[in-house]
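Offset between the sequence shown (1-based) and this note's numbering: plus 3.
Beta carbons: idealized from backbone N, C-alpha and C, even for Gly.
In this text the structure is predicted, and so the values were computed from the model without any measurement.
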Amino acid sequence: LPGQHLFILKAAGDATVPGDPIFNLDLLEASERGLIEADAVGDSDSGVTVRIRNLTDDRLLVTMPAGMSFKAGDSGQDTSDMVSRRDAAIRLFDGEAREWAVRAVGRQRTRVAPGSGDRLTMAAPSSLPALDALMHRMQAGTYTVADSPTLYIPRLHGLEQAAVWIAEDDGSYDDIASAVDEPRMPAQYAVAFALVYCDLAGLDVTSTQMWRDREQIFGALRDPGLTAWYQIKTTRR
Numbered sequence: 004l005p006g007q008h009l010f011i012l013k014a015a016g017d018a019t020v021p022g023d024p025i026f027n028l029d030l031l032e033a034s035e036r037g038l039i040e041a042d043a044v045g046d047s048d049s050g051v052t053v054r055i056r057n058l059t060d061d062r063l064l065v066t067m068p069a070g071m072s073f074k075a076g077d078s079g080q081d082t083s084d085m086v087s088r089r090d091a092a093i094r095l096f097d098g099e100a101r102e103w104a105v106r107a108v109g110r111q112r113t114r115v116a117p118g119s120g121d122r123l124t125m126a127a128p129s130s131l132p133a134l135d136a137l138m139h140r141m142q143a144g145t146y147t148v149a150d151s152p153t154l155y156i157p158r159l160h161g162l163e164q165a166a167v168w169i170a171e172d173d174g175s176y177d178d179i180a181s182a183v184d185e186p187r188m189p190a191q192y193a194v195a196f197a198l199v200y201c202d203l204a205g206l207d208v209t210s211t212q213m214w215r216d217r218e219q220i221f222g223a224l225r226d227p228g229l230t231a232w233y234q235i236k237t238t239r240r
């Protein structure tokens, strides 16, 4: 589906492509090799900004995986860390400085989102393995129940934010539902889909605080996929 995956296409075999070559590099690798300079700052509760510049004479395609960690500095104890929601890429064909907008969610529900004056430290997804698995599940955006066909989860920031808060903070339904800002979906649906994502990523959702409020969440839902998923989860207990 469009937007779900990032494809880098290369010429096959001995085929030649006119013009200067384009070098494909991971953001952290390119930074460590001194090929680019890159600094991350906050933007909003739904994104961060990477200020980036090509330091070489080559044309670069710099990529970033979903699950990239953006940690707030020591001075930001009330500032949330962030994690990227999707694979991303930016073309750097010259030495001009650019601002790269990266879709992200916050990690700590009780902290404020970083702003443009808050510097963030970037780290590979492997530094947060549980969230890495969760972000890649959300990037795929699908699930199945028993032998059902593939079911699709709406691609909404508030829904995905709720999933991260369930995994990181283990808050109650009232805590997380009141904090989710998703005008395109009722809180019960956002939280229910978030639980599906957490389950797919390997979290035992039945041991979370959220699961204690499961009747409040699933009792009023009218989505067949969510209803079937909930029935299976409760039957297996």
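For the beta strand (DSSP E) that residue i lies in, which residues bound it at each end?
i, result
"L28", "25–29"
"L64", "62–67"
"E185", "Per DSSP, E185 belongs to no beta strand (DSSP E) and is neither H nor E."
"I39", "39–47"
"L95", "91–95"
"E102", "101–109"
"W123", "Reading off the sequence, residue 123 comes out as Leu, not Trp. Unbroken beta strand (DSSP E) run through L123: 122–126."
With a Cβ-Cβ cutoff of 8 Å, do residue i and residue j count as a contact?
i, j, result
"V51", "R122", "no"
"S83", "A75", "yes"
"M141", "E171", "no"
"M138", "G161", "no"
"R86", "V167", "This sequence places Val at residue 86; Arg is not what is there. Contact flag set, yes."
"Y192", "D226", "yes"
"F26", "R62", "yes"
"L154", "G228", "yes"
"G70", "L131", "yes"
"V148", "W232", "yes"
"G205", "A136", "yes"
"A165", "I179", "yes"
According to the neighbour-count rule (16 or more other Cβ atoms, all chains shown, within 10 Å of its Cβ), is residue i buried or exposed?
i, result
"T145", "exposed"
"E32", "exposed"
"G222", "exposed"
"A211", "In the sequence as presented, Ala is not what sits at residue 211; that position holds Thr. When all chains shown are included, T211 counts as buried."
"R88", "buried"
"F196", "buried"
"Q234", "exposed"
"G118", "exposed"
"G6", "With a pLDDT of only 48 at G6, under 50, the local geometry of the prediction cannot be trusted, and no value is derived from it."
"P24", "exposed"
"P128", "buried"
"D90", "buried"
"D184", "exposed"
"R239", "exposed"
Among residues of its own chain, excluding the 5 on either side of residue i, which ones have a beta-carbon nearer than 8 Å to its beta-carbon?
i, result
"R54", "A41, D42, A43, V44, A100, R101, E102, W103"
"D81", "R114, V115"
"V208", "I169, L198, C201, D202, W214, K236"
"D29", "V65, T66, M67, P68"
"R217", "Y233, T237"
"A133", "A170, A204, G205, L206"
Within the same chain, show all residues whose beta-carbon is closer than 6 Å to that of residue i, passing over the 5 residues directly before and after it, in chain order.
i, result
"D46", "T52"
"A182", "R112"
"A126", "S72"
"S49", "H160"
"T124", "K74"
Does residue i have its Cβ less than 8 Å from a Cβ in chain C?
i, result
"E171", "As a matter of chain content, chain C is missing from the structure shown, which is built from one protein chain."
What span of residues does the alpha helix (DSSP H) with residue i cover, start to end?
i, result
"G228", "227–238"
"M71", "Careful: M71 lies outside any alpha helix (DSSP H) and carries neither H nor E."
"R56", "Where R56 is concerned, there is no enclosing alpha helix (DSSP H), although the beta strand (DSSP E) it sits in stretches over 50–57."
"D84", "That residue, D84, is in no alpha helix (DSSP H); it is neither H nor E in DSSP."
Leaving out five residues before and five after residue i in sequence, what residues of the same chain have Cβ atoms less than 7 Å from its Cβ?
i, result
"L224", "Q191, Y192, A195, T230"
"L4", "Because L4 carries a pLDDT of 40, less than 50, the predicted location of this residue cannot be relied on, and the following value inherits that uncertainty. Once the five neighbours on either side are set aside, L4 has no close Cβ partner at all."
"Q219", "Y176"
_Segments of 4+ residues assigned as alpha helix (DSSP H) that fall wholly inside the region 150–212_ = The region 150–212 contains these whole alpha helix (DSSP H) runs: 160–172, 176–182, 190–203.
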